[in-house]
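K.L.:
Questions regarding the structure given below will be posed in turn.
In full-length UniProt numbering, the protein residues as written are 1 to 310.
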């Protein structure tokens with residue numbers, strides 16, 4: 001099956017396939033800009049050129065407000081080449097500030113559906129990069145510029161993620177700061193086998209051509225869909241990377257707690273989906289060993305990896 005995927009990009013230049021998510025038209029609600037606040041100067045050309053930033057949210061408006069505030073702190077909402085959208089899956093979010101739009105799809109698209117909506121919208125509207133941010137994170141200063149600078153380093157990077165304080169060892173920052181605001185960026189880029197979807201950026205054309213995220217196999221929140229996409233990306237000869245120029249702190253499970261989905265539900269979605277799609281080979285394809293994903297796990301350990309991260 002991997003050989004078939006490695007040949008899937010030979011038809012570059014043809015129309016990209018439809019993603020498995022619903023192709024929603026825009027239901028965007030512009031909000032008036034809040035009180036004046038200091039911003040960085042916006043210049044052209046920008047390192048954040050042609051970018052769609054999407055924040056899927058389901059309740060917990062105070063968390064979404066904090067992410068919006070971090071983006072506005074850096075002036076990203078005033079950059080003419082950046083479009084920021086909150087996907088309001090609960091239908092009750094009121095934007096507190098910023099030149100930002102709210103999309104109310106009328107139902108809970110879940111993380112996977114909101115991410116596919118973001119990819120489809122980016123492809124349709126000509127954005128080169130699509131960024132998807134959980135609403136239960138905080139961003140380091142200069143976060144978006146640091147994340148997007150990754151794509152200027154090489155033309156074979158399909159997926160980039162920020163380093164963080166969370167689940168996967170290979171994505172953790174070398175030193176965990178007290179808060180995201182205290183993080184000191186490092187000009188370091190790590191090639192990895194896959195990226196966590198907590199704070200992730202996609203090069204739109206190749207990811208759309210590969211079909212986006214698989215909502216047919218990963219039918220709930222989308223746990224495991226980021227690993228599946230990484231397998232397809234790397235089989236196509238493209239790269240997944242983690243940048244230390246951007247960092248997020250993650251509160252974890254805020255949306256899951258609201259929807260009643262447990263950690264064991266998430267584990268089952270990962271294992272059932274990846275086992276069904278890739279058989280017994282998928283762990284090795286992403287550098288994991290047979291001891292990965294034990295029951296009641298709360299974070300990866302060195303024993304999960306074929307070669308433990310430094």
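Every residue, glycine too, gets a C-beta built ideally from N, C-alpha and C.
How about residue 76 and residue 53: are their beta carbons less than 9 Å apart?
P.N.:
Within the chain shown, numbered from 1, the residue matching residue 76 stands at position 76. Within the chain shown, numbered from 1, the residue matching residue 53 stands at position 53. Yes.
K.L.:
Where does residue 269 land, buried or exposed, given buried means 16+ other C-beta within 10 angstroms?
P.N.:
Position 269 of the chain shown, counted from the start, is the residue given in the question as residue 269. Flag for residue 269 reads buried.
K.L.:
Is it buried or exposed, residue 36, if we count other Cβ atoms within 10 angstroms and call 16 or more buried?
P.N.:
Mapped onto the chain shown, residue 36 falls at position 36. At residue 36, the pLDDT of 35 sits below 50, so the modelled position is not reliable; the number obtained from the coordinates is stated separately. That one is exposed.
K.L.:
Using the C-alpha atoms, what's the distance from residue 278 back to residue 210?
P.N.:
Taking the first residue of the chain shown as 1, we reach residue 210 at position 210. Taking the first residue of the chain shown as 1, we reach residue 278 at position 278. Roughly 16 Å separates the two Cα atoms.
K.L.:
Secondary structure at residue 233, three-state DSSP: helix, strand or coil?
P.N.:
Numbered from 1 along the chain shown, position 233 holds the residue referred to as residue 233. Correct three-state label for residue 233: helix.
K.L.:
Between the alpha carbons of residue 113 and residue 62, how many angstroms are there, rounded?
P.N.:
Looking up residue 113 in the chain shown gives position 113. Looking up residue 62 in the chain shown gives position 62. Those two C-alpha atoms are separated by around 22 Å.
K.L.:
Is it right to say residue 86 is buried, meaning 16 or more other beta carbons lie within 10 angstroms of its own, or is it exposed?
P.N.:
Stepping through the chain shown from its first residue, residue 86 is reached at position 86. Burial call: buried.
K.L.:
Cα separation between residue 235 and residue 96?
P.N.:
Counting from one through the chain shown, the residue named residue 235 turns up at place 235. Counting from one through the chain shown, the residue named residue 96 turns up at place 96. Near 42 Å, if we compare the C-alpha coordinates of residue 96 and residue 235.
K.L.:
Run the CB neighbour count on residue 296, radius 10 Å, all protein chains shown included, and call it buried at 16 or more, exposed below.
P.N.:
Reading the chain shown from its first residue, position 296 is the one you call residue 296. When all chains shown are included, residue 296 counts as exposed.
K.L.:
Would residue 162 pass as a contact of residue 147 if the rule is Cβ separation under 9 Å?
P.N.:
Along the chain shown, one-based indexing puts residue 162 at 162. Along the chain shown, one-based indexing puts residue 147 at 147. Yes. Within cutoff.
K.L.:
On the CB-based measure, 16 or more other CB atoms within 10 Å of its CB, does residue 74 come out buried or exposed?
P.N.:
Here residue 74 corresponds to residue number 74 of the chain shown, with the count starting at 1. Counting every other CB atom within 10 Å of its CB across the protein chains shown gives residue 74 a total of 16 or more, marking it as buried.
K.L.:
Relative to the alpha-carbon of residue 219, which residue among 94, 108 and 56 has its alpha-carbon at the smallest distance?
P.N.:
Counting from one through the chain shown, the residue named residue 219 turns up at place 219. Closest by alpha carbon: 108.
K.L.:
Since residue 242 and residue 171 are thought to touch, with beta carbons under 8 Å apart, how far apart are those beta carbons, to the nearest angstrom?
P.N.:
Here residue 242 refers to the residue found at position 242 of the chain shown. Here residue 171 refers to the residue found at position 171 of the chain shown. Confirmed, Cβ separation roughly 5 Å.
K.L.:
With residue 57 as the anchor, note down where its alpha helix (DSSP H) starts and where it stops.
P.N.:
Counted from its first residue, the chain shown places residue 57 at position 57. First-last for residue 57: 51-57, but that is the beta strand (DSSP E), not the alpha helix (DSSP H).
K.L.:
Using the C-alpha atoms, what's the distance from residue 226 back to residue 150?
P.N.:
Numbered from 1 along the chain shown, position 150 holds the residue referred to as residue 150. Numbered from 1 along the chain shown, position 226 holds the residue referred to as residue 226. About 19 Å.
K.L.:
Provide the residue(s) that pair with residue 145 in DSSP beta bridges, ordered along the chain.
P.N.:
Residue numbering aside, residue 145 sits at position 145 when the chain shown is read from its first letter. Per DSSP, none; premise fails for residue 145.
K.L.:
With the cut-off set at 9 Å, would you say residue 249 and residue 126 are in Cβ contact?
P.N.:
Within the chain shown, the letter at position 249 stands for residue 249. Within the chain shown, the letter at position 126 stands for residue 126. Cβ atoms of residue 249 and residue 126: not closer than 9 Å.
K.L.:
Mapping DSSP to helix, strand and coil, what is residue 151?
P.N.:
Numbered from its first residue, the chain shown carries residue 151 at position 151. Residue state, collapsed to three classes: helix.
K.L.:
As a quick exercise: from 176, 246 and 214, pick the residue whose alpha carbon is nearest that of residue 201.
P.N.:
If you number the chain shown from 1, residue 201 lands on position 201. Measuring from the Cα of residue 201, the nearest candidate turns out to be 246.
K.L.:
Take residue 217 and list the residues in its own chain whose beta-carbon comes closer than 6 Å to its own, dropping the five residues that flank it on each side.
P.N.:
What you label residue 217 is simply residue 217 of the chain shown in a count that begins at 1. So the list reads 273 and 277, once near-sequence residues are dropped.
K.L.:
Would you mind sorting residue 136 into buried or exposed? The rule is 16 or more other CB atoms within 10 Å of its CB.
P.N.:
Against the chain shown, residue 136 aligns to sequence position 136. It is buried - the Cβ of residue 136 has at least 16 other Cβ atoms within 10 Å.
K.L.:
Considering residue 100, what are the terminal residues of the alpha helix (DSSP H) in which it resides?
P.N.:
By one-based count along the chain shown, residue 100 stands at place 100. That residue, residue 100, is in no alpha helix (DSSP H); it is neither H nor E in DSSP.
K.L.:
Which same chain residues end up closer than 7 Å to residue 188 when comparing Cβ atoms and leaving out the 5 residues on each side of it in sequence?
P.N.:
Mapped onto the chain shown, residue 188 falls at position 188. Non-local beta-carbon contacts of residue 188 in its own chain, meaning distances under 7 Å to residues more than five positions away in sequence, involve 244 in chain order.
K.L.:
Cβ of residue 65 within 8 Å of any heavy atom in the ligand FAD?
P.N.:
The ligand FAD is absent from the structure shown, which contains no ligands of any kind.
K.L.:
Which residue marks the beginning of the alpha helix (DSSP H) containing residue 176, and which one marks its end?
P.N.:
If you number the chain shown from 1, residue 176 lands on position 176. Neither: residue 176 is in no alpha helix (DSSP H) and is coded neither H nor E.
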